Amino acid sequence: MNFERIGDLVRLRYKLMWARTRTRNGKIALFFIGYLLLVMIVALLAAGGIGAAILAVRSGKALLITRIVLTSLFAQALLATVLMGFGMSAIFSDVELRRYPIGASERQLVRHLVGIIDPFWLLTLALELGLLVGLYAMDAASLLLGFVAVLLLFVSNYLLARVIEAIIDRLTKRGSGSMILMIGVMLLSFSGAIIPPLIKKYPGIGPATVKVLAYTPPFGAASAMTQSGTSVALGFAVELSWVLGLAAALVWFERRPYERRVVATTVLNFESRYDRAAAMLGFDHAPLVGWWLRFYTRNSRFKALIFLSLPIAAFLTYNFAAGRRQSLGWFPAAIGTVPIVTFFATSRFMVNEFGYLGGGFRRCFLLPVEPSAVLRTGSYASMVLSACFIPPALIAWIAFAPVPFDPREVFVLLASALTGMFIVHGLGLWATLYGPRRGNYSQSLGNDLSLFGNIVLIGGIMFFMFSPLIWNVVFPAMLQPAHWWYWIVPPVLAIAFYRVSLAMASAALTGRREQLMAVVEGRA
Amino acid sequence: MDAIRISNLVKKYGTVVAVENLSLDVPKGSMFGFLGPNGSGKSTTIGCLTGLLDPTAGSIEVLGERFTADSAALKRRMGVMPETLGLFDPLYAHEFLAFVGRMFGLDEATTRKRVAELLAALELNDSSKTLSEYSTGMRKRVAFAAAVIHTPEVLFLDEPFESIDPAGVSLMKQWLRRLTEQGRTVFVTSHVLETVERLCDRVAIVMRPGKLVWQGDIKALSQDGGSVECNGQRFDSLETLFLHLTGERYADLNWL
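First to last, the protein sequences are chains A and B.
If you're matching positions, the first sequence starts at 1382 in our numbering and goes up one per residue.
If you're matching positions, the second sequence starts at 208 in our numbering and goes up one per residue.
1) Identify, in the order they occur along the chain, each residue of the same chain with its Cβ nearer than 8 Å to the Cβ of isoleucine 1839 of chain A, setting aside the five sequence neighbours on each side.
2) Check whether the segment 1876-1892 of chain A touches the segment 1801-1813 of chain A, counting contact only when three or more Cβ pairs, one atom from each stretch, lie closer than 8 Å.
3) Of all the residues that make up the segment 1646-1661 of chain A, which are near chain B by a beta-carbon distance shorter than 9 Å?
4) At a cut-off of 6 Å, would you count alanine 1530 of chain A as near the ligand COA, judging by its Cβ distance to the nearest heavy atom?
5) To which residues of the same chain is glutamate 1620 of chain A closer than 8 Å at the C-beta, ignoring the five residues directly before and after it?
6) With a floor of 4 residues, list each alpha helix (DSSP H) that falls wholly inside the segment 1548-1620 of chain A, ordered by position along the chain.
7) Got a sec: is the Cβ-Cβ distance from leucine 1897 of chain A to anything in chain B below 7 Å?
8) Kindly give me the distance between the Cβ atoms of asparagine 1680 of chain A and proline 1817 of chain A, rounded to whole angstroms, as I take these residues to be in contact under 8 Å.
9) Give, in chain order, every unbroken run of the alpha helix (DSSP H) that is at least 4 residues long and sits entirely within the segment 1801-1866 of chain A.
10) Keeping to the same chain, check which residues put their C-beta closer than 8 Å to that of isoleucine 1431 of chain A; ignore five residues upstream and five downstream.
11) Just how far apart, CA to CA, sit lysine 249 of chain B and threonine 396 of chain B?
12) Check whether the Cβ of glycine 1601 of chain A lies closer than 7 Å to any Cβ atom in chain B.
13) Using the rule of at least 16 other Cβ atoms within 10 Å of the residue's Cβ for burial, across every protein chain shown, is proline 1577 of chain A buried or exposed?
14) 7 Å is my cut-off, CB to CB: does leucine 1747 of chain A come that close to chain B?
15) Given glycine 254 of chain B, which residues of its chain have a CB within under 6 Å of its CB, disregarding the five upstream and five downstream residues?
16) Residues of the segment 297-312 of chain B with a CB closer than 7 Å to any CB of chain A: list them in chain order, please.
17) Between the Cα of lysine 320 of chain B and those of B/Met310, B/Asp333, B/Leu304 and B/Ser334, spot the shortest distance and give me the residue it belongs to.
18) Answer with yes or no whether the minimum CB distance from glycine 1558 of chain A to chain B is below 7 Å.
19) Please classify tryptophan 1399 of chain A: does DSSP put it in a helix, a strand, or coil?
20) Under the rule that 16 or more other beta-carbon atoms within 10 Å means buried, what is tryptophan 1672 of chain A, buried or exposed?
21) Would you mind working out which of B/Gly265, B/Val349 and B/Gly312 sits nearest alanine 323 of chain B, comparing C-alpha positions?
22) Pick out whichever of A/Gly1484, A/Gly1807 and A/Ala1702 has its Cα sitting closest to the Cα of isoleucine 1387 of chain A.
23) Looking at glycine 390 of chain B and isoleucine 371 of chain B, is the spacing between their C-beta atoms short of 7 Å?
24) Give me the chain A residues within the contact set of aspartate 333 of chain B, using Cβ-Cβ distance strictly less than 8 Å, ordered along the chain.
25) Mind checking who cysteine 437 of chain B pairs with in its DSSP beta bridge?
26) Strictly below 8 Å CB to CB, what residues from chain A border valine 287 of chain B?
27) Following the continuous alpha helix (DSSP H) through valine 233 of chain B, name the residue where it begins and the one where it ends.
28) Taking the continuous beta strand (DSSP E) assigned at methionine 285 of chain B, which residues delimit it?
29) Counting C-beta neighbours from all protein chains within 10 Å, is the total for isoleucine 1564 of chain A 16 or more, i.e. buried, or is it exposed?
30) Go ahead and pull the three-state DSSP assignment for serine 266 of chain B.
31) Name the DSSP beta bridge partners of threonine 392 of chain B, please?
32) Please classify serine 237 of chain B: is it buried, with 16 or more other beta-carbons within 10 angstroms of its beta-carbon, or exposed?
33) Taking the alpha-carbon of threonine 402 of chain B as reference, which of B/Leu242, B/Leu329 and B/Val361 has the nearest alpha-carbon?
34) Tell me, which residues are paired with glutamate 272 of chain B by DSSP?
35) Look at the alpha carbon of valine 1784 of chain A and the alpha carbon of leucine 1775 of chain A, and state the distance between them as a whole number of angstroms.
36) Could you spell out where the beta strand (DSSP E) holding phenylalanine 241 of chain B opens and where it closes?
This is the structure we're talking about:
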């Protein structure tokens, strides 16, 4: 292993990141990210890590609480990476690294060293270390053994996220893969609703599950940190087995990239159904809308998110309706979660329409249409695709809604969905213009959005999710189907906001095109 | 009549001047070579001429009409092969060309016919690969096909011949000659001076920052013993003229 070259390449990655801060926007983004990270680390270290440790020792349930905290952190890191793409940003690809005089295993090491030093993973590590420091301060853990246990847990968490990424990547490239993915996500989403009643009905399941969980990395780490004697050795053995197993799986996946089997053909399939669909919907510049539809539907990230949208909404509805002490009920929860299906799948392009076009962005200004037509049609295509999720969401509500079913609920949910779609798409236009980022079209996972894009996307999800709580305080009638006609107003206002945003953003595009071109083509 | 008229064109990026007071007339039906060393403002000028960039000052007329970024009707009469090619990578070549053809106003039947003919002529027959899977030369061919599919009246080509094999270049030159014979205008930038010399009727040479240093007719160079005059000297090839104007550089690196 040439550790000097490996070190040089890891440093190069951070030099490149630092180089981005040379621009004014880069400096502002760096300041905010640094500030937010600092605040989060301090707050979470104190409340989540050390606080949990103190509680664990004082309550005399150090092992149990450590297991719960570590499992939560482990699962949250996985969810955040798989769903939102945090910590999975594009690192050097193997092809990029081949130009340097290092071998295959060194390239692999560089890629994952760079990957694991991502701020998101460091935040996860800080939280786990916080717990260890708390346990050590309360004399319930050895600092050295605990540190090794946390490091192994941290590495296994990262490796598992990468293995899941590789599996999802393969699934999205196969014809039947998306369906398998959806079934998996559905099962995972509804496990929260299925498991507690099962445990209640069959009390034996609980202890048996804990026995199985003892062989997972968080439980192994908890044993290694808080126990003594053979339990410590067993805990380390569990963690080490996972690290080695996952590393082997990752190496296997990376050495055998999935390749689409394509037979060379000279048959020209114009697939003009996209253009026809666009023309049928009455859009001007139907070929442009048709091209955007192709652009979206051929993207593996979009394909993966299509199948995640409805299960996620179902999971969040369940979580808000049944999983919380101060629940407002199923219907208010659904009012907050149904808008998410109208932008989740298309989110990546909605807030960064041009970021994945690369040099193709220039073509948009060479076409014999006013430049804003490209922005408008991109947004329309996103909304056409997003709107397709509304009927299945409403049908799911009708099928699974708690009895007695009130048909007026469907109107309210439709209005809520439309409100979400128009507001977030309106904001997406602004993010496209003022927060562009050069992205990788072929990457299935990873968060490659700008700060503005992330604020619109994550802020949109959070805002709509918590909107029933706001309605409950300021105007509770909005949460009752009996007052369904109140819901005529929000979509009308949302459409007005979208129209104004569209007009203003369209007018601003020509003036912004040179800056956008520089970002999209990687010159800024 | 001039197909393109550039008057006192200035393009600045902040305080950096990329094009300085450039004035140029390109006659209709000519094959016009726009030459200059790297970073001399050729692509910036083409960017202004095609609506990609906003000129800081000056005016541009194409086919007798004032041209701006919003001149949609005028763009329909122009074909452009930009420096970055402007391809939409997730598409197949035939889909991309069909999209461009439809956007430029061709009907569906004509578009499909022309796409099939262009792909066959440019040897882009494998329709199982998306544009992202094509080699650089193949991508250039697709970009060239996209620029000519609607038989434009004015064609802008930014370094069209680089990375394309000799057979492909020969075919492209043949098509370009036919276009000018039909009275259409071709505005081309290239570093392949031999090709420019054989292909173009007129040439303009710019130096950093986009400053015109010479323009004239070069048809004489393609005749035996022919030469062109510059600053009282005669040059028998475009290369010697170019090096005279831009300066030949020599650096002795004793380790190389």
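Every residue gets a Cβ at the ideal spot worked out from N, C-alpha and C, and that includes glycine.
These numbers come from a predicted model, not from an experiment.
Let me spell this out:
1) Here residue 1839 of chain A refers to the residue found at position 458 of the first sequence. Contacts found: Met1465.
2) yes
3) Thr1646, Thr1647, Val1648, Leu1649, Asn1650, Phe1651, Glu1652, Ser1653 and Asp1656
4) This structure lacks the ligand COA; in fact it carries no ligand of any kind.
5) If you number the first sequence from 1, residue 1620 of chain A lands on position 239. Result list for glutamate 1620 of chain A: Ala1530, Leu1533, Leu1534, Ser1537, Pro1598, Gly1601, Ala1602 and Ala1605, in chain order.
6) 1558-1582, 1586-1594 and 1598-1607
7) Position 516 of the first sequence holds residue 1897 of chain A. No, because no Cβ of chain B sits closer than 7 Å to the Cβ of leucine 1897 of chain A.
8) Residue 1680 of chain A sits at position 299 when you count from the first residue of the first sequence. Residue 1817 of chain A sits at position 436 when you count from the first residue of the first sequence. Asparagine 1680 of chain A to proline 1817 of chain A, Cβ: 17 Å. No contact.
9) 1832-1855
10) Counting from one through the first sequence, the residue named residue 1431 of chain A turns up at place 50. Only Gly1511, Leu1512, Val1514, Gly1515 and Ala1518 meet the Cβ criterion.
11) Position 42 of the second sequence, counted from the first residue, corresponds to residue 249 of chain B. Position 189 of the second sequence, counted from the first residue, corresponds to residue 396 of chain B. Distance between the alpha carbons of lysine 249 of chain B and threonine 396 of chain B is about 7 Å.
12) Numbered from 1 along the first sequence, position 220 holds the residue referred to as residue 1601 of chain A. It does not; no Cβ of chain B falls within 7 Å.
13) Indexing the first sequence from 1 puts residue 1577 of chain A at position 196. Classification for proline 1577 of chain A: exposed.
14) The residue given as residue 1747 of chain A occupies position 366 in the first sequence. Yes - at least one Cβ of chain B is within 7 Å of the one on leucine 1747 of chain A.
15) The residue you call residue 254 of chain B lines up with position 47 of the second sequence. Excluding positions up to five away in sequence, the list reads Leu260.
16) Pro297, Leu298, His301, Glu302, Ala305, Phe306, Arg309, Met310 and Phe311
17) Counting from one through the second sequence, the residue named residue 320 of chain B turns up at place 113. The option with the nearest alpha carbon to lysine 320 of chain B is B/Leu304.
18) Position 177 of the first sequence, counted from the start, is the residue given in the question as residue 1558 of chain A. It does not: the Cβ of glycine 1558 of chain A has no partner Cβ on chain B nearer than 7 Å.
19) Position 18 of the first sequence, counted from the first residue, corresponds to residue 1399 of chain A. Of the three classes helix, strand and coil, the one that applies to tryptophan 1399 of chain A here is helix, per DSSP.
20) For the purposes of this step, residue 1672 of chain A is taken as the residue at position 291 of the first sequence. Buried: at least 16 other Cβ atoms inside 10 Å.
21) Taking the first residue of the second sequence as position 1, residue 323 of chain B is located at position 116. That would be B/Val349, whose Cα lies nearest to the Cα of alanine 323 of chain B.
22) Within the first sequence, the letter at position 6 stands for residue 1387 of chain A. The shortest Cα separation from isoleucine 1387 of chain A among A/Gly1484, A/Gly1807 and A/Ala1702 belongs to A/Gly1484.
23) Stepping through the second sequence from its first residue, residue 371 of chain B is reached at position 164. Stepping through the second sequence from its first residue, residue 390 of chain B is reached at position 183. Contact: no.
24) By one-based count along the second sequence, residue 333 of chain B stands at place 126. Going along chain A in sequence order, the residues near aspartate 333 of chain B (Cβ under 8 Å) are Ala1645, Thr1646 and Thr1647.
25) In the second sequence, counting from the first residue as 1, residue 437 of chain B sits at position 230. According to DSSP, which records beta bridges pairwise, cysteine 437 of chain B is partnered with B/Gln440.
26) Along the second sequence, one-based indexing puts residue 287 of chain B at 80. Correct list: Leu1747.
27) Position 26 of the second sequence, counting from 1, holds the residue named residue 233 of chain B. Here valine 233 of chain B belongs to no alpha helix (DSSP H); instead the beta strand (DSSP E) covers 223-234.
28) Indexing the second sequence from 1 puts residue 285 of chain B at position 78. Its beta strand (DSSP E) spans residues 285-288.
29) The count along the first sequence starts at 1 and reaches residue 1564 of chain A at position 183. The residue in question, isoleucine 1564 of chain A, is exposed, as its Cβ has fewer than 16 Cβ neighbours within 10 Å.
30) For the purposes of this step, residue 266 of chain B is identified with residue 59 of the second sequence, where counting begins at 1. Residue state, collapsed to three classes: strand.
31) Counting from 1 along the second sequence, the entry for residue 392 of chain B is found at position 185. B/Val361.
32) Translated into positions along the second sequence, residue 237 of chain B becomes position 30. Under this definition serine 237 of chain B is a buried residue.
33) As a working mapping, residue 402 of chain B is identified with position 195 in the second sequence. The shortest Cα separation from threonine 402 of chain B among B/Leu242, B/Leu329 and B/Val361 belongs to B/Leu242.
34) Within the second sequence, residue 272 of chain B is the residue found at index 65, counting from 1. BP columns for glutamate 272 of chain B point to B/Val269.
35) For the purposes of this step, residue 1784 of chain A is identified with residue 403 of the first sequence, where counting begins at 1. For the purposes of this step, residue 1775 of chain A is identified with residue 394 of the first sequence, where counting begins at 1. C-alpha separation (whole angstroms): 15 Å.
36) Position 34 of the second sequence, counted from the start, is the residue given in the question as residue 241 of chain B. Phenylalanine 241 of chain B -> beta strand (DSSP E) spans 238-242.
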